[in-house]
Each structure stands twice: as structure tokens, then as C-alpha cells.
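K.L.:
There are 2 protein chains.
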Amino acid sequence: MQPDHAIRALAALAQEHRLAAFRLLVKAGAQGIPAGVLADRIGVPASSMSFHLAQLAHAGLVTQRRASRSIIYSADYDAMNALMGYLTENCCGGEDCSVALSGSDSCKEPMIR
Amino acid sequence: MQPDHAIRALAALAQEHRLAAFRLLVKAGAQGIPAGVLADRIGVPASSMSFHLAQLAHAGLVTQRRASRSIIYSADYDAMNALMGYLTENCCGGEDCSVALSGSDSCKEPMIR
DNA sequence: CCCATATTTCTATATTTATCGAATTATTGG
DNA sequence: CCAATAATTCGATAAATATAGAAATATGGG
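Listed in order, the protein sequences are those of chains A and B. All letters in the first sequence, in the order written, are residues 0 to 112 by numbering that gives the first Met the number 0. All letters in the second sequence, in the order written, are residues 0 to 112 by numbering that gives the first Met the number 0.
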């Protein structure tokens with residue numbers, strides 16, 4: 000994953016309504032949630048929701064499919080996975096962050112020099 | 000971790016120069032890097048670097064200490080760890096993203112309904 | 001004490017992002 | 001085909017973020 004792709008994904012999640020939408024989509028699983036339902040649940044106008052969903056889609060974090068009149072959004076787990084991988088490799092010292100760096104002494108870089 | 004804290008951390012990383020700085024700091028380990036060296040390596044004016052470092056610090060992702068005339072920044076691994084934990088719990092279906100969700104069938108939510 | 005160094009704060013400006021009503025584009029039921 | 005529904009795109013602001021020079025604030029050497 001290129002840094003600019005990671006930045007797009009991070010920026011996509013770094014907004015109240017988009018993070019809320021993505022969390023709902025993650026919980027919803029592959030079934031997904033229609034755009035209008037997301038707008039209602041989050042409490043933003045449809046046009047605002049559409050703007051935010053476009054950013055999540057541009058970052059590759061969600062996919063969309065049409066089902067009758069609705070457009071149903073789903074979280075793209077692979078994309079989120081890739082972002083986690085990028086962060087683990089580049090921002091956590093190259094090891095699994097939650098295991099290796101929390102008070103552990105297995106860090107590649109010594110904590111005190 | 001509260002959602003707004005996660006958003007601050009995500010936003011702090013979602014910028015070219017800040018992500019570059021944070022990656023350098025992660026690689027540097029506890030030794031850290033002075034503000035001026037970061038500015039030089041990244042190629043931004045000192046005042047711009049200071050602006051970005053303030054955002055990273057406000058998000059809790061870096062710590063700073065004075066050493067003579069320099070102010071040395073270091074990555075805060077615990078904060079990054081907390082962010083990874085938040086993302087894993089809230090944006091990856093509640094399991095370790097890189098293990099459970101990449102084509103695995105161990106997801107809590109069924110992939111197809 | 002003075003000067004050079006390192007950094008931050010201030011100030012102004014440019015750029016990007018967010019908001020939301022109105023208009024537009026699909027889709028379906030009747 | 002027409003009316004109703006679901007979304008998106010458009011357009012106009014508003015708000016937040018980024019940039020960078022200039023001024024101000026510490027620190028330490030001589």
C-alpha cells in the first residue's frame with residue numbers, strides 16, 4: 000500500500016459521520032446498509048451522507064451495489080485489513096502493535112537508549 | 000478510547016507530512032528526532048513542521064522533551080497501540096483484522112447473508 | 001551579557017473539506 | 001406513462017486545515 004493510499008483511507012475515517020457510518024457498516028457485515036438508512040441513523044441530510052459515502056468509496060473502504068431503488072453500501076474488510084497492515088508495518092515498529100509494543104520488550108527498537 | 004479521540008489520531012496521521020514525520024519517529028524509537036531535523040528531512044519550513052508536530056502531540060501520538068536547544072519528539076507507542084486497538088474493535092468486526100477478516104470464515108458477522 | 005541556534009507563536013493567505021437545499025438521475029409500482 | 005421513492009450531483013457558503021514568512025521565546029557558548 001502506497002502512503003498516499005493510506006492517507007486517503009485515514010482521512011476517510013477521520014471524520015465523525017464517516018467513522019460512524021463505517022462502524023455501522025462493519026457491524027452490518029456483507030448485508031450492508033442502504034444510503035438512506037445510514038443518513039437517518041446518523042442524522043445527516045441525504046446529500047451530506049452521499050458526500051461522505053463517496054469519500055469512503057474513493058478510499059476503497061466501502062463497496063456499493065444497487066438493489067432496486069436503494070444503493071447498499073458495505074464495508075470492504077480487505078481494504079481495512081490493508082490499512083491495518085500498513086499501520087502495523089509503518090507506524091508500529093514493524094511488529095503487531097497490540098502485541099509487541101504495549102510494554103513488551105520485544106520491540107525492534109530499544110525503548111531507551 | 001472515545002470516538003473523538005480516535006478521530007483526532009486518525010486525522011493527525013491523515014496528512015502527508017505528518018505521516019512522514021510519524022514514520023520517521025517510529026523508526027527512530029525512543030531516541031527521538033529534534034524538530035529541526037524532521038523539518039529538514041521532510042523538506043518543510045520549521046514553522047510548518049511545528050504546526051504539524053503540535054497536531055501529532057495534541058492527538059497524543061508523540062511526546063516531546065527538551066534537550067539543550069532542541070526539542071526532541073518521539074513516537075508514543077502506547078497511543079498508536081490504543082488507536083490500533085480501537086480500529087480492531089470498531090472497524091474490523093471485533094477481531095484481529097489481519098488474521099480474522101482476510102478471507103477467513105471466522106468473522107463474527109457472516110460474509111454473505 | 002551578547003550572539004547564534006532551535007523552536008514556537010503570530011499573522012495572513014490559500015487550500016481543502018463539510019454542509020445542505022435544490023435540481024437531476026434512476027427505479028419501481030400502478 | 002406517471003407519480004413516488006431513493007440517491008446523487010450541483011452550487012453556494014461556511015468552516016477547518018495547511019502554508020510559510022516574520023516576530024517572539026528559550027538555551028547555551030564564549
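Here a beta-carbon is modelled for each residue, glycine too, at the ideal position from N, C-alpha and C. Computed from a prediction, not measured in an experiment: that's the story for all the values here.
#1: Which term fits residue 42/A, buried or exposed, when burial requires 16 or more other beta carbons within 10 angstroms of its beta carbon?
#2: Measure the Cβ-Cβ separation of residue 18/A and residue 2/B and say whether it is below 8 angstroms.
#3: Under 9 angstroms Cβ-Cβ, which residues of chain B neighbour residue 2/A?
#4: On the CB-based measure, 16 or more other CB atoms within 10 Å of its CB, does residue 21/B come out buried or exposed?
#5: Kindly provide the ranges of any alpha helix (DSSP H) runs that are 4 or more residues long and lie completely inside the region 7–94 of chain A, ordered along the chain.
#6: Please report how far the alpha carbon of residue 45/B lies from the alpha carbon of residue 53/B, in whole angstroms.
#7: Output needed for residue 82/B: all residues of its chain with C-beta closer than 6 angstroms, excluding positions within five of it in sequence on either side, in chain order.
#8: In angstroms with no decimal places, state the Cα-to-Cα distance between residue 50/B and residue 57/B.
#9: Do we get a CB-CB distance below 8 angstroms when we pair residue 32/A with the residues of chain B?
#10: Taking beta-carbon pairs under 7 angstroms, can you tell me which members of the region 56–83 of chain B lie near chain A?
#11: So, are the CB atoms of residue 60/A and residue 74/A less than 8 angstroms apart?
#12: Roughly how many angstroms separate the alpha carbons of residue 29/B and residue 26/A, rounded to a whole number?
#13: Return the chain-ordered list of same chain residues with a C-beta closer than 7 angstroms to the C-beta of residue 40/B, the five sequence neighbours on each side being excluded.
P.N.:
According to the structure shown:
#1: Exposed is the call here.
#2: The Cβ atoms of residue 18/A and residue 2/B lie closer than 8 angstroms to each other.
#3: Near residue 2/A (Cβ distances below 9 angstroms), the residues of chain B are 15, 18, 19 and 22.
#4: Classification for residue 21/B: buried.
#5: Those alpha helix (DSSP H) runs which fall completely within the region 7–94 of chain A and span 4+ residues are 15–27, 34–41, 45–57 and 76–90.
#6: Straight through space, the alpha carbons of residue 53/B and residue 45/B are spaced by roughly 12 angstroms.
#7: Cβ neighbours of residue 82/B beyond the five flanking positions: 8.
#8: In a straight line, the C-alpha of residue 50/B is about 11 angstroms away from that of residue 57/B.
#9: Closer than 8 angstroms: no.
#10: Hits within the stretch, in order: 76, 77, 79, 80 and 83.
#11: Closer than 8 angstroms, so yes.
#12: The straight-line gap separating the alpha-carbon atoms of residue 29/B and residue 26/A is approximately 37 angstroms.
#13: Around residue 40/B: 23.
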